[in-house]
Each structure stands twice: as structure tokens, then as C-alpha cells.
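Using full-length UniProt numbering, you'd call the opening residue of the sequence shown number 1 and step up by one each time. Think of the CB as a built atom: it goes at the ideal place given N, C-alpha and C, for glycine as much as any other residue.
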Amino acid sequence: MKIAIIEDELLAVNYLKNLLDTQNIVSVSETVVLRSKKQAIEFFENDSADLIFMDIHLGDGMSLEIFEQVELFTPIIFITAFDDYAMRVFRHFTIDYLLKPFEEEDLHKALQKFISISNFDPEPVLRSISTLRQDDSEVMKRFMVREGNKLKSVDEQNIAYFFASGKYLFLTTKDHQTYIYDDTIKDIIQKLNLQVFFKINRKFIINKEAVTEIIKHSSQKVELRLSPEPEVNTGVFISKVQITECLNWLRN
Numbered sequence: 001m002k003i004a005i006i007e008d009e010l011l012a013v014n015y016l017k018n019l020l021d022t023q024n025i026v027s028v029s030e031t032v033v034l035r036s037k038k039q040a041i042e043f044f045e046n047d048s049a050d051l052i053f054m055d056i057h058l059g060d061g062m063s064l065e066i067f068e069q070v071e072l073f074t075p076i077i078f079i080t081a082f083d084d085y086a087m088r089v090f091r092h093f094t095i096d097y098l099l100k101p102f103e104e105e106d107l108h109k110a111l112q113k114f115i116s117i118s119n120f121d122p123e124p125v126l127r128s129i130s131t132l133r134q135d136d137s138e139v140m141k142r143f144m145v146r147e148g149n150k151l152k153s154v155d156e157q158n159i160a161y162f163f164a165s166g167k168y169l170f171l172t173t174k175d176h177q178t179y180i181y182d183d184t185i186k187d188i189i190q191k192l193n194l195q196v197f198f199k200i201n202r203k204f205i206i207n208k209e210a211v212t213e214i215i216k217h218s219s220q221k222v223e224l225r226l227s228p229e230p231e232v233n234t235g236v237f238i239s240k241v242q243i244t245e246c247l248n249w250l251r252n
């Protein structure tokens with residue numbers, strides 16, 4: 001398994017790596033060390049890990065600010081000298097909260113928790129939630145946008161995708177019109193028909209019918225061609241943690 005360590009103190013990094021080398025609970029094939037918030041954000045924008053060890057205070061800020069920039073669905077074991085963040089970190093996918101200096105036994109127990117959670121199969125639960133979600137009477141079918149000094153109603157079937165840019169959320173229609181939509185990408189996905197729309201990454205929610213081509217660069221890098229073509233220079237890629245689920249959604 002691949003482990004990421006977000007820690008700015010080299011001694012703490014080496015201590016943790018030594019403990020991981022001596023334990024026999026999980027098999028570590030690769031360890032990525034990220035020494036700053038900036039490095040972590042850049043890494044998780046394009047890559048992923050199976051487990052994260054995260055310190056809270058880094059040289060360039062609080063590691064909790066990473067969650068504001070990237071979506072992390074990876075289990076996290078926090079390692080910190082401060083105990084006053086315990087409640088805040090459990091808003092995320094937190095396995096354990098280890099206070100420095102922690103011992104080998106503390107790490108052992110945290111890894112056991114990780115294994116227990118990793119062996120849980122969430123697919124039946126997710127299918128049930130998805131079914132219930134589609135019966136929700138609050139699913140939106142029409143969306144109000146501003147066109148000059150008028151309001152215009154856009155049917156869900158005419159929406160190609162939503163995309164976030166800076167502080168704004170935009171709605172692009174199949175007939176090549178783009179409007180500012182008064183919402184956030186995080187909130188709007190809760191109101192959409194999940195048979196029609198899928199949030200492929202932290203910037204794009206797409207309509208299945210907007211996909212014209214799927215380009216598989218590798219098992220961990222899948223690009224979508226959309227119509228109308230978005231005005232982005234880097235391509236539209238499915239988040240690595242979403243690839244399997246998104247491809248299944250597209251097949252169905």
C-alpha cells in the first residue's frame with residue numbers, strides 16, 4: 001500500500017518511517033513525504049494514497065487548510081503535539097489522533113483500526129443510499145439563471161455540466177450558453193438527479209449525455225471529452241478516487 005506522510009519535521013518523519021518499517025500489520029510499498037501544505041495540495045491534486053499520516057502544524061500553515069483546496073477521501077491518522085484539534089479533525093475521514101510523542105503500540109492500534117475499516121465493503125450501503133436519493137422529492141429538475149435583467153429557467157436535460165472557477169459556479173447548456181449559477185459545487189450535487197449528473201472532480205459536475213469521448217491514459221488517469229468543450233487548457237480528468245464509480249455510472 002502507498003502511504004503519504006504530511007510532516008515538516010524531519011526527525012518526526014524518520015521516527016514514523018522507522019516504526020512503519022518494523023510493524024507487520026500492513027505492507028508498505030511506497031512512502032511519500034510531503035513537507036508543507038503547498039506540497040500536499042500539489043500532490044493530492046494529481047495523485048492519491050491509501051493512508052495519510054498528517055501533522056496539523058506545518059511550516060506554511062495548518063494542514064487542515066488542505067481540505068479547502070482538495071477533496072480527500074483517504075483515511076487519515078493525525079499525528080500532532082496538540083490535543084485541541086481532536087474535534088475538528090473528526091469531520092474528515094479520520095482513523096485516529098495520535099499525540100506526540102506516541103509509541104509503537106499507539107501506531108499499532110491505529111493501523112488495526114485502519115485495517116478494520118478497509119475491510120468493510122460499503123457498496124451495498126452506497127447502492128441503498130443512491131436508490132433512496134433518487135426518490136427524494138427535493139431533486140431539482142429546473143434551474144433559474146440570470147440573462148441580463150431577466151431570469152431564465154433551464155431544464156436539467158439541457159444542462160451539459162456545472163463547473164467551478166474561482167469563487168463562482170457556472171452552468172453550461174448543451175446549446176453552448178454559459179451562466180453564473182448562485183450555488184457552490186459542493187451543495188449543488190446534493191440537489192441533482194444522480195442518474196443524470198456525476199461530480200467527476202472538485203471542479204466539474206457533468207451530464208452523462210455531455211460526454212463524447214473517454215480517453216484512458218492509464219488506470220489512474222482518465223480524461224473526458226465534453227460537448228460543448230470547456231474552456232480549460234489542462235483537460236477534464238476524473239478524480240482518481242472516482243474513476244471506477246464514474247465509469248460504472250457512464251456504462252449504466
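Rounded to the nearest angstrom, what separates Tyr179 and Asn207 at their Cα positions?
Taking the first residue of the sequence shown as 1, we reach residue 179 at position 179. Taking the first residue of the sequence shown as 1, we reach residue 207 at position 207. When rounded, the distance between both Cα atoms is 16 Å.
Use the C-beta contact count for Val232: other C-beta atoms within 10 angstroms, 16 or more gives buried, fewer gives exposed.
By one-based count along the sequence shown, residue 232 stands at place 232. Val232 should be labelled exposed.
Kindly indicate the opening and closing residues of the alpha helix (DSSP H) around Lys37.
Taking the sequence shown and counting its residues from 1, the one referred to as residue 37 is at position 37. It spans 37 to 46 - the alpha helix (DSSP H) in which Lys37 sits, taken as one unbroken run.
Could you tell me the alpha carbon to alpha carbon distance between Ile129 and Val139, rounded to whole angstroms?
Along the sequence shown, one-based indexing puts residue 129 at 129. Along the sequence shown, one-based indexing puts residue 139 at 139. In this prediction, Ile129 has a pLDDT of 49, which is less than 50 and means its spatial position is unreliable; nothing more can be read from the coordinates.
Taking the DSSP output, what are the residues bridged to Ala81?
By 1-based counting over the sequence shown, the position of residue 81 is 81. Paired residues: none, contrary to the question.
Suppose you measure from the CA of Glu45 to the CA of Ile77; what does that come to, to the nearest Å?
Residue mapping note: residue 45 aligns to position 45 of the sequence shown, counting from 1. Residue mapping note: residue 77 aligns to position 77 of the sequence shown, counting from 1. About 20 Å.
Grab the span of the beta strand (DSSP E) containing Glu223 for me, first residue to last.
Here residue 223 corresponds to residue number 223 of the sequence shown, with the count starting at 1. 221 to 226 is the extent of the beta strand (DSSP E) around Glu223.
Please tell me whether Ile185 and Ile205 are closer than 8 Å, where the distance is taken between their beta carbons.
Here residue 185 is taken as the residue at index 185 of the sequence shown, counted from 1. Here residue 205 is taken as the residue at index 205 of the sequence shown, counted from 1. A contact, by the Cβ cut-off of 8 Å.
With a CB to CB cut of under 6 Å and the five nearest residues on each side skipped, what residues in its chain are close to Val222?
Here residue 222 is taken as the residue at index 222 of the sequence shown, counted from 1. For Val222, where only same-chain residues beyond five positions count, the Cβ hits under 6 Å are Lys216, Ile238, Ile243.
Candidates Ser36, Pro230, Val196, Leu98: which alpha carbon is nearest Asn158's?
Mapped onto the sequence shown, residue 158 falls at position 158. The shortest Cα separation from Asn158 among Ser36, Pro230, Val196, Leu98 belongs to Val196.
Tell me the DSSP bridge mates of Ala164?
Within the sequence shown, numbered from 1, the residue matching residue 164 stands at position 164. The partner list for Ala164 (beta bridge, DSSP) reads Leu169.
At which residue ranges does the stretch 191 to 225 contain complete beta strand (DSSP E) runs of 3 or more residues, listed in the order of the chain?
Counting only runs of 3 or more, we get 197 to 199, 204 to 207, 211 to 218.
Taking the Cβ atom as the reference point for each residue, do Glu65 and Lys100 lie within a distance shorter than 8 Å?
Numbered from its first residue, the sequence shown carries residue 65 at position 65. Numbered from its first residue, the sequence shown carries residue 100 at position 100. The answer is no: Cβ separation not under 8 Å.
State the Cα-Cα distance for the pair Ile95 and Leu72, rounded to the nearest angstrom.
Walking along the sequence shown from the start, residue 95 turns up at place 95. Walking along the sequence shown from the start, residue 72 turns up at place 72. Answer to the nearest angstrom: the Cα atoms are 13 Å apart.
Could you pull the DSSP bridge partners for Asp106 from this structure?
Working through the sequence shown from its first residue, we reach residue 106 at position 106. Asp106 is not bridged to any residue.
Run the CB neighbour count on Ala81, radius 10 Å, all protein chains shown included, and call it buried at 16 or more, exposed below.
Along the sequence shown, read from residue 1 onward, the residue named residue 81 stands at position 81. Classification for Ala81: exposed.
If we call anything under 8 Å between Cβ atoms a contact, is Ile79 one with Leu16?
Position 79 of the sequence shown holds residue 79. Position 16 of the sequence shown holds residue 16. In this structure, Leu16 lies closer than 8 Å to Ile79 by Cβ.
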